[in-house]
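Asker:
In our numbering, the protein residues as written are 24 to 100.
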């Protein structure tokens with residue numbers, strides 16, 4: 024979950040609730056809060072940090088995963 028601390032549309036307490044709900048279900052979640060951002064990323068360094076966090080999460084949880092490979096190959100297409 025990527026959250027701008029100053030986001031007026033998706034306020035931080037809503038993201039806090041989402042993260043806690045995922046944790047309660049023993050889900051895998053990472054939470055990155057950008058203190059100097061609102062809704063979206065306007066600062067280049069934050070945009071880079073956000074995309075890196077996404078790539079790291081996907082690499083850690085999906086890359087080379089037999090489950091991910093199986094579901095991709097059996098989706099009916």
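Every residue gets a Cβ at the ideal spot worked out from N, C-alpha and C, and that includes glycine.
1) Alpha carbon to alpha carbon, how far is residue 49 from residue 33? Give it in angstroms, no decimals.
2) Spatial neighbours of residue 55 within its chain, please: CB distance less than 8 angstroms, with the 5 preceding and 5 following residues excluded, ordered by chain position.
3) By the 10 Å Cβ neighbour count, where 16 or more other Cβ atoms means buried, how is residue 44 classified, buried or exposed?
4) Could I get the ranges of all uninterrupted alpha helix (DSSP H) runs contained in the region 27-65, with 4 residues as the minimum, in chain order?
5) Within a Cβ cutoff of 7 angstroms, which residues of the same chain sit near residue 52, ignoring the five residues on either side of it in sequence?
Answerer: By the coordinates alone:
1) Looking at the two C-alpha atoms, the distance is approximately 24 angstroms.
2) The answer, listed in chain order, is 24, 25, 26, 72, 73, 76.
3) When all chains shown are included, residue 44 counts as exposed.
4) DSSP runs (the alpha helix (DSSP H)) wholly in the region 27-65: 35-47.
5) Taken in chain order, the residues that qualify are 24, 42, 45, 46.
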